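Each remark here refers to the structure printed beneath this line.
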Amino acid sequence: MPKGLVLFRLAKRNTPASSASSTYWVCSREQSPIPLFNLDSSRSPSPAKLNVDYRIGQLYMISKHSCEQSGVGEGVEVMRNEADMHPQHGQGQLTEKRIYLSSKLPAWARAFAPRFFYVTEKAWNFYPYTITEYSVSFLPKFSIRIETRFENNNGDNDNVFGDTPTPPENVSFLDILSDPIPERHYKESEDPSRWMSSKTGRGPLEKGWRDDHKPIMCSYKRVQCSFEVYGFQTKTEDFIHKSIQDILLVGHRQAVTWIDEWHGLSLDEVREYEQTMQEKTNSKVKSNPCNTGPPAASRPAFSRSISVTDERSLKKMGVTTVDMSESPLPHSRLHSTPE
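Sequential numbering of the sequence shown, starting at 1, is according to the UniProt record's numbering.
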């Protein structure tokens, strides 16, 4: 049986409907068992050890998952992966990726999205603190900013980012054992209820597992989304919120059930694996000539879009528009670099 877990929870805060931008927050406590950590069950957990081993599993999972989800012309293309320094959080890693996912959009979004487009992901990993930002090539007024902090506790820190505590009523827990995931992502080998680690002897998970096992580590996430296109805010928010939950659930199920693949790796070894998978993934995506082009440019300024988000195009689609200057609340602009 597993000897510990990682808890997470999601919280959503709505902005007034009249606001020019739509903002919500997600505070998450990720639930996954002790296989994330390389600890002797007879010893007390070491905070440093918890952080190091969770980091190994996380890096391995992201690299393998990105490669698996990439195919001919779609998936994740790594533009850069280099060392970076933060004045507060110290040495870290900066990555920039292009994510091609035209076929994965819901029908209502494909109706106004161009045939070929990409999402730009910029991530500053100063583990145990990370910042991730997303922007869309054809929507200058859309962006997502995610802050993550990992702590060695059971998820009881309601002010992990040091500003405004998340109200308890806005919090819901995710369970990698019982919460549903999209059917297309299900694999029996990645099912925690059927999983068994030959290296560690851990698994499978059983109902009520998260209440009984220690040590505990938490991954807290806070997400801010800015979307300034009238008529699509609610659908877009719901789609993003559901997508984030699916990514977290699938990713952490994989990090747990793949433990026999990454258990015992050093940070240098997992970085070598990351580089190998990056080259393999890029090769898959670049097999489509439509995805070639110049190096990724900096995010465009927040200004009126000249694509389908301009007023004339929206009116043709039956969407009522309002001049941004008449909005009762100023729109939120996200920083393009970590603070």
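From the three backbone atoms N, C-alpha and C, an ideal C-beta is built for every residue, glycine too. Please read all numbers here as calculations on a predicted model, not as lab measurements.
According to DSSP, is residue i part of a helix, a strand, or is it coil?
i, result
"N81", "strand"
"K64", "helix"
"V250", "helix"
"L101", "coil"
"G57", "helix"
"R210", "helix"
"M217", "strand"
"K141", "strand"
"F239", "helix"
"W124", "strand"
"L94", "strand"
"Y118", "coil"
"Y129", "strand"
"E279", "helix"
"Y134", "strand"
"T257", "helix"
"residue 352", "This structure leaves residue 352 out entirely; the chain is present only between 1 and 339."
When we look at the beta-carbon of residue i and count the other beta-carbons within 10 Å, is it buried (16 or more) or exposed?
i, result
"C27", "Note that C27 scores 34 on pLDDT, short of 50, meaning its location in the model is unreliable; the coordinates nonetheless yield the value given after this. Looking at its Cβ environment, which holds 16 or more other Cβ atoms inside 10 Å, C27 is buried."
"D53", "buried"
"residue 367", "Residue 367 falls outside the range modelled here, since the chain spans only 1 to 339, and no answer is possible."
"Y127", "buried"
"Y129", "buried"
"I247", "exposed"
"A107", "exposed"
"M196", "exposed"
"Q88", "exposed"
"T257", "buried"
"R184", "exposed"
"R210", "buried"
"residue 350", "Only positions 1 to 339 of the chain appear in the structure, and residue 350 is not among them; the question remains open."
"S283", "exposed"
"E228", "buried"
"Q224", "buried"
"L267", "exposed"
"A111", "exposed"
"P192", "buried"
Taking the alpha-carbon of residue i as reference, which of the options has the nearest alpha-carbon?
i, options, result
"P204", "V223, Y230, L101, I176", "I176"
"R115", "E74, S135, D84", "E74"
"S189", "K64, R253, T200, I244", "R253"
"Q69", "L94, S103, K235, E96", "S103"
"A113", "G208, S137, L265, G264", "S137"
"T200", "G208, W262, K242, F232", "W262"
"K141", "D212, S226, G208, K97", "S226"
"K286", "R55, V76, S63", "V76"
"L105", "E96, K235, Y186", "K235"
Beta-carbon within less than 8 angstroms of residue i's beta-carbon, same chain only, minus the 5 sequence neighbours each way: which residues are those?
i, result
"M85", "Q91, G92"
"S198", "D260"
"F161", "E147, R149, Y220, R222"
"N157", "E151, C218, Y220"
Give a single yes or no on whether residue i has its beta carbon closer than 8 angstroms to a heavy atom of the ligand NAP.
i, result
"L101", "Although the ligand NAP was asked about, the structure shown includes no ligands whatsoever."
Which same chain residues end up closer than 7 angstroms to residue i when comparing Cβ atoms and leaving out the 5 residues on each side of it in sequence?
i, result
"L249", "L174, I176, D179, I181"
"C67", "M277, K280, T281"
"G251", "M61, H65"
"N159", "P165"
Go through its chain and collect everything with a Cβ distance to residue i's Cβ below 6 angstroms, but skip five positions before and after it.
i, result
"E133", "K122, R145"
"F117", "S137, F138"
"residue 363", "This structure leaves residue 363 out entirely; the chain is present only between 1 and 339."
"L94", "E82, D84, W124"
"P167", "none"
So, is the C-beta of residue i closer than 9 angstroms to a C-beta in chain C?
i, result
"Q58", "Within the model displayed, chain C is absent; a lone protein chain is all it includes."
Indicate whether the contact test is met: 3 or more Cβ pairs, each with one atom in the segment 264-279 and one in the segment 53-62, closer than 8 angstroms. yes
Count Cβ pairs between the segment 66-80 and the segment 147-157 that sit closer than 8 angstroms; are there 3 or more? no
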